[in-house]
Amino acid sequence: MDPTLNYIPPSALAPNLTSSSSSKVHHILSGSFRSLSLFLLAFTPPPSSSSPSNSIHQVNGTLKLIQTVHGHGPHQYLATNPARDRVYTTSWALPPRLASWTVQKGLNSEWRVDLLDQVDITATSSYITLPPPYTHLYSVGGPTGEVHCVSRAQGFVDGGPGFLDVAGGSPIGSGPDTTLTGGFGKKIQEILFVPEDELERADKMHVALRYSSHGIELSAIEYAFVPVLGTKLIKMYVWEADGVLMWMSSNRSPREGIKDGPRHVKVHPNGRVLYCVMEHSNYVDAYQITPPTLTYIALRSLIPPYLYASSSSTSPPPSPPSKPTHAPIPPASFPSPSPDKPSRDELTHSYRGDTLLLIPSSSSPAPSTLFVTTRGAKEDVRGWIGVFPLDGEGMFADADVDEEGEEEEGKKRRKPVYWQTPTSGGKANAIDLLPKSPSSLSSSSSASGSDSEKGVYILLTDDSDAAAVGGGGGGVRVLEWDGWGSASLHDGGEQLEIRVVAEWPLPGDRTGQQEGEEEKMMGGSHAIWLD
Numbered sequence: 010m011d012p013t014l015n016y017i018p019p020s021a022l023a024p025n026l027t028s029s030s031s032s033k034v035h036h037i038l039s040g041s042f043r044s045l046s047l048f049l050l051a052f053t054p055p056p057s058s059s060s061p062s063n064s065i066h067q068v069n070g071t072l073k074l075i076q077t078v079h080g081h082g083p084h085q086y087l088a089t090n091p092a093r094d095r096v097y098t099t100s101w102a103l104p105p106r107l108a109s110w111t112v113q114k115g116l117n118s119e120w121r122v123d124l125l126d127q128v129d130i131t132a133t134s135s136y137i138t139l140p141p142p143y144t145h146l147y148s149v150g151g152p153t154g155e156v157h158c159v160s161r162a163q164g165f166v167d168g169g170p171g172f173l174d175v176a177g178g179s180p181i182g183s184g185p186d187t188t189l190t191g192g193f194g195k196k197i198q199e200i201l202f203v204p205e206d207e208l209e210r211a212d213k214m215h216v217a218l219r220y221s222s223h224g225i226e227l228s229a230i231e232y233a234f235v236p237v238l239g240t241k242l243i244k245m246y247v248w249e250a251d252g253v254l255m256w257m258s259s260n261r262s263p264r265e266g267i268k269d270g271p272r273h274v275k276v277h278p279n280g281r282v283l284y285c286v287m288e289h290s291n292y293v294d295a296y297q298i299t300p301p302t303l304t305y306i307a308l309r310s311l312i313p314p315y316l317y318a319s320s321s322s323t324s325p326p327p328s329p330p331s332k333p334t335h336a337p338i339p340p341a342s343f344p345s346p347s348p349d350k351p352s353r354d355e356l357t358h359s360y361r362g363d364t365l366l367l368i369p370s371s372s373s374p375a376p377s378t379l380f381v382t383t384r385g386a387k388e389d390v391r392g393w394i395g396v397f398p399l400d401g402e403g404m405f406a407d408a409d410v411d412e413e414g415e416e417e418e419g420k421k422r423r424k425p426v427y428w429q430t431p432t433s434g435g436k437a438n439a440i441d442l443l444p445k446s447p448s449s450l451s452s453s454s455s456a457s458g459s460d461s462e463k464g465v466y467i468l469l470t471d472d473s474d475a476a477a478v479g480g481g482g483g484g485v486r487v488l489e490w491d492g493w494g495s496a497s498l499h500d501g502g503e504q505l506e507i508r509v510v511a512e513w514p515l516p517g518d519r520t521g522q523q524e525g526e527e528e529k530m531m532g533g534s535h536a537i538w539l540d
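Taking my numbering, the leading residue of the sequence shown gets 10, the next gets one more, and so forth.
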């Protein structure tokens, strides 16, 4: 039942081809579920003369450890400010707390990460975010969520002439102190996901993340969204000018008789579409944001449809009629299922829907691609990355269609891309994305030109026993995808491969096992690009 590629680690590939010294070095910070430290890494991409764009594997890039950052982990999730000189982390440590970190950016190994401050919170948080205008930090997890002001330079009053531009790293106006802090300031709100009289006895450790609030996302136009993992609900809030969130509605997923498990949400930059990964049913749903509620639009499967039989009791309801401004979107086509394949009901229990990201993440150019991940529920079940094309309005665009919904003559059909991860991913299989060029993901990109001018680098973390125990390695991997414009055509559809180009630690690496050495990474949790 495994129709996909066999994984070959980059270390097993051609040793005579090394990374170009002129390649730009990118920096990465990773947490771990099993180690207490953070790990600062430097990634040197493969040379541009590497293998062809339709090859499964590519010659080595390199990942090098720059600093083991003594932390207060295990760290589950990391977020940055726009300048990427501040990092904010959630932790499974007790008592529950959040931490902020400074990033000193030098040349290669001169980079350094240091603790800025910490703040105690009521319950272990899962996700944290710093949305525009970068004045408040939002975190949620289990029974509670919290809103903190971003700390400002001493001597300034909130909202006064010394209001700090956290994104740019400098104060607006003038005053006696121009030092940017960017850590945790005053707590202005605690949000409850349990009745107030149940909070004292509610589980406040990381186990509660499995059945209560799990993530938070804010749109650019005054709304916030919290998926509640143990339910079918996405809670919607209005985002007040003072940073406080006010509840608007609780929105149920559209499938009856299924506990979907909303886990992770993202808002399209246009502010009109919300995407949600369902951990238990392994779907990614798209909703139209129609205040004060959400309106279901469509879904895609996190599990490749060619792995399961077509009939299933969890088949979703038909999508509602498209808005007049959108042509009907035909479903993506996949190989016909064979009678011996399991039903989707049976197969979905083997996976756990995980994360999603849009790229580009800006409003102009609009995102052309949605990346999603699912991880194996057991060690022997490998996870998946799914890549879905989007149209200019943020709708799924599995084919090029004209106004009547017919496929336009001469246009090639665009299929979602599914790539099987090297392991189950453990509790991770989280991703972060770095465009290789500003126009990398454009749907109109030409297939001509240098491969290095197209596509995206994908950070993938691995918490599986294979990565964390013994000398397995690969807690952090860098993958490469060349983008829609560089596809080759196979059997009437696009064949776009994802390749592993670097991983760390390498298999057999014994760093951290000797007395006096820094802590070893025991698998990754979440990693982010810092430049």
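Every residue gets a Cβ at the ideal spot worked out from N, C-alpha and C, and that includes glycine.
Among Lys-445, Thr-133, Val-286, which one has its Cα closest to the Cα of Lys-268?
Val-286
Closest by C-alpha distance to Thr-430, when choosing among Gly-484, Glu-249, Gly-401, Val-465
Gly-484
Rounded to whole angstroms, what is the Cα-Cα separation between Gly-252 and Phe-234?
14 Å
Nearest-angstrom Cα distance between Tyr-466 and Lys-114?
21 Å
Decide if Arg-210 is buried, meaning its Cβ has at least 16 other Cβ atoms within 10 Å, or exposed.
exposed
For the beta strand (DSSP E) containing Thr-383, name the first residue and the last one.
378-385
Assuming Pro-355 is part of the beta strand (DSSP E), what are its boundary residues?
According to the sequence displayed, residue 355 carries Glu and not Pro. Note, Glu-355: premise wrong, no beta strand (DSSP E); alpha helix (DSSP H) at 353-357.
Beta-ladder partner(s) of Asn-260, from DSSP
Ile-243
Cβ distance (whole Å) where Leu-227 is taken to contact Thr-138 below 8 Å
7 Å
Could you give the distance in angstroms between the alpha-carbon of Arg-423 and the alpha-carbon of Phe-405?
11 Å
Rounded to whole angstroms, what is the Cα-Cα separation between Arg-95 and Thr-89?
6 Å
Which residues does DSSP list as the beta-bridge partners of Ile-394?
Thr-382, Trp-428
Between the C-alpha atoms of Lys-196 and Ser-148, what's the straight-line distance to the nearest angstrom?
Lys-196 and Ser-148: Cα-Cα distance of roughly 11 Å.
Considering only C-alpha positions, which residue in the set Leu-539, Glu-388, Pro-425 is nearest to Ala-475?
Glu-388
Can you have a look at Ile-37 and say buried or exposed, based on whether 16 or more other CB atoms are within 10 angstroms of its CB?
Counting Cβ neighbours within 10 Å, Ile-37 comes out buried, since at least 16 surround it.
Going by the beta-carbon positions, is the gap between Ser-371 and Pro-278 smaller than 8 Å?
yes
Which same chain residues end up closer than 7 Å to Pro-104 when comparing Cβ atoms and leaving out the 5 residues on each side of it in sequence?
Asp-129
Beta-bridge partners of Asp-212, as assigned by DSSP:
Beta-bridge pairing by DSSP links Asp-212 to no other residue.
Suppose you measure from the CA of Glu-207 to the CA of Met-214; what does that come to, to the nearest Å?
15 Å
Work out the CA separation of Val-159 and Trp-120 for me, nearest whole Å.
24 Å
Count the other CB atoms within 10 Å of the CB of Gly-583; is the residue buried (16 or more) or exposed (fewer)?
Outside the shown range of the chain, which is 10 to 540, sits residue 583, and nothing can be said about it.
Let's test the definition: count the other Cβ atoms within 10 Å of the Cβ of Arg-255 and tell me whether it reaches 16, buried, or not, exposed.
It is worth fixing the name first, because residue 255 is Met in this sequence and not Arg. By the neighbour-count rule (16 or more Cβ atoms within 10 Å), Met-255 is not buried but exposed.
Return yes when at least one heavy atom of the ligand FAD lies under 7 Å from the C-beta of Thr-299, else no.
Ligands are entirely absent from the displayed structure, and the ligand FAD is therefore not among its contents.
Can you list the beta strand (DSSP E) stretches of 3 or more residues lying completely in the region 123-169, in chain order?
136-138, 145-150, 153-159
If we call anything under 8 Å between Cβ atoms a contact, is Val-510 one with Val-478?
no
In or out: Thr-299 buried (at least 16 other Cβ within 10 Å) or exposed?
exposed
Considering only residues of the region 272-297, which uninterrupted alpha helix (DSSP H) runs meet the minimum length of 4 residues and lie entirely inside it, listed in chain order?
none
If you draw a straight line from the alpha carbon of Arg-161 to that of Glu-512, how long is it in whole angstroms?
38 Å
From this set, Gly-532, Tyr-296, Leu-379, which residue's C-alpha is nearest Leu-515's C-alpha?
It is Gly-532.
At which residues does the beta strand (DSSP E) containing Ala-233 begin and terminate?
232-237
Can the beta-carbon of Arg-281 be found less than 8 Å from the beta-carbon of Gly-482?
no
Closest to Pro-54 by C-alpha separation, out of Ser-41, Ser-46, Gly-70, would be which residue?
Gly-70
Quick test of your reading: Gly-385 and Tyr-360, contact by CB under 8 Å. State the CB separation rounded to the nearest angstrom.
6 Å
For Asp-206, does the three-state DSSP call read helix, strand or coil?
helix
Buried or exposed by the 16-neighbour rule on C-beta atoms within 10 Å, applied to Ala-250:
Ala-250 comes out exposed.
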